[in-house]
Amino acid sequence: MRRPDLPRDCVGAGATNTGKIGVRPQRADTMPLPLIYHDDYSPEFPPDHRFPMDKFRLLRDHLVDSGLTTDAALLRPEICPNDILALAHDRAYIERYMNGELSREDQRRLGLPWSEALARRTVRAVGGSLLAAEQALQHGIACHLAGGTHHAHYDHPAGFCIFNDLAVISRYLLEAGRVHRVLIFDCDVHQGDGTARILHDTPEAITVSLHCEQNFPARKAQSDWDIPLPRGMHDSAYLKVVEDALNYLLPLYQPDLVLYDAGVDVHKDDALGYLQLTDAGLAARDEHVLRQCLGRDIPVVGVIGGGYSKDRQALARRHGILHHSAARVLGCAQ
Numbered sequence: 319m320r321r322p323d324l325p326r327d328c329v330g331a332g333a334t335n336t337g338k339i340g341v342r343p344q345r346a347d348t349m350p351l352p353l354i355y356h357d358d359y360s361p362e363f364p365p366d367h368r369f370p371m372d373k374f375r376l377l378r379d380h381l382v383d384s385g386l387t388t389d390a391a392l393l394r395p396e397i398c399p400n401d402i403l404a405l406a407h408d409r410a411y412i413e414r415y416m417n418g419e420l421s422r423e424d425q426r427r428l429g430l431p432w433s434e435a436l437a438r439r440t441v442r443a444v445g446g447s448l449l450a451a452e453q454a455l456q457h458g459i460a461c462h463l464a465g466g467t468h469h470a471h472y473d474h475p476a477g478f479c480i481f482n483d484l485a486v487i488s489r490y491l492l493e494a495g496r497v498h499r500v501l502i503f504d505c506d507v508h509q510g511d512g513t514a515r516i517l518h519d520t521p522e523a524i525t526v527s528l529h530c531e532q533n534f535p536a537r538k539a540q541s542d543w544d545i546p547l548p549r550g551m552h553d554s555a556y557l558k559v560v561e562d563a564l565n566y567l568l569p570l571y572q573p574d575l576v577l578y579d580a581g582v583d584v585h586k587d588d589a590l591g592y593l594q595l596t597d598a599g600l601a602a603r604d605e606h607v608l609r610q611c612l613g614r615d616i617p618v619v620g621v622i623g624g625g626y627s628k629d630r631q632a633l634a635r636r637h638g639i640l641h642h643s644a645a646r647v648l649g650c651a652q
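This is the structure:
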């Protein structure tokens, strides 16, 4: 664990933080929750594959059908340029992947069949997380209907993750001077190993990972703060860990932006999880994270992270808990 940075001298222990440097996030009464999505997110894909590629489209359908948003209200991102991807990834790796030239070993690590549509989806989704960050800095909160590809490493893919949107956002905003410190609060059931390794030498990006200890990846990285959890953990114990972590880390670092990976693979019905959270537990977790950030005037981005189930409709509803929770929290904050 790296030594935690001391809070900036210009922000006292009792002060609140802001989004863009010196600018308080705007939350106009008429501002709806910014939601980011693109039809590229669910390209044609083998229906029996372990990765549920159709969950992004089904999530969009669920949020529209539930009345949270309309398709026309969703913000559509641009493709992330290679120059921005290269802030967190090796240029040669970017070119290999985009040209369909991964080695056999990299294909095995990734676990996804290459296609032009998947390559386009991948860079579009990183663009979506960047757009979500821009919206959060402007409005205080935004949620992506994808994102959280935390197993992607600097020069290779892993665990269904190709390019690491969390690392790309962090490096981009820091180098542009848009923020001075970013905190990544990763609640996916698997450790954010790629994020930790890419950002290891970026002290302004704080990596926090709450994950099931006995789970993928077998070889863990070293985050700034690793919080390993035992298999079988239920709602109450899990929520206490989340609460304690936020109560300590947010005042300590006073970040200008929080990137929240709201993975639902902590759910009791997840195929790859090993924890025992319920729908109510997920909602309580998401609301608590978002309220803690907004209550301190810290802009927050929600990405959906991992979630795996053969029942894709149920999985989409599970992911949608984040967006419904964000809408409730935003309504209270206005």
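The numbering of the sequence shown is the working numbering, which starts it at 319 and goes up by one.
For every residue, glycine included, the Cβ atom is placed at its ideal position computed from N, Cα and C.
Nothing here was measured: the structure is a model prediction, and the numbers come from that model.
Applying the 10 Å Cβ sphere with the 16-neighbour rule, what's the burial state of residue i?
i    : result
H380 : buried
D483 : buried
Q425 : exposed
T440 : buried
T513 : buried
P475 : buried
Q610 : buried
P431 : exposed
Q532 : exposed
K373 : buried
E413 : exposed
A598 : exposed
E423 : exposed
Mind checking who residue i pairs with in its DSSP beta bridge?
i    : result
V621 : D579
S527 : D504, D544
H585 : L595
A476 : C479
I354 : L393, H462
Suppose contacts are defined by Cβ-Cβ distances below 8 angstroms. Is residue i in contact with residue j by that definition?
i    : j    : result
L392 : L353 : yes
V507 : L593 : yes
I616 : P573 : yes
A406 : V497 : no
Y355 : L463 : yes
V666 : G477 : Nothing in the structure corresponds to residue 666, since the chain is present only between 319 and 652.
Y626 : A580 : no
R537 : E522 : no
Is any heavy atom of the ligand SAM found at a distance shorter than 7 angstroms from the C-beta of residue i?
i    : result
S488 : Of the ligands one can find in the structure shown there are none, so the ligand SAM has no counterpart to examine.
DSSP state of residue i, grouped into three classes?
i    : result
P325 : With a pLDDT of 32 at P325, under the threshold of 50, the modelled position of that residue is not reliable, and no figure is offered here.
H462 : strand
L393 : strand
D383 : helix
N400 : helix
K628 : coil
D408 : coil
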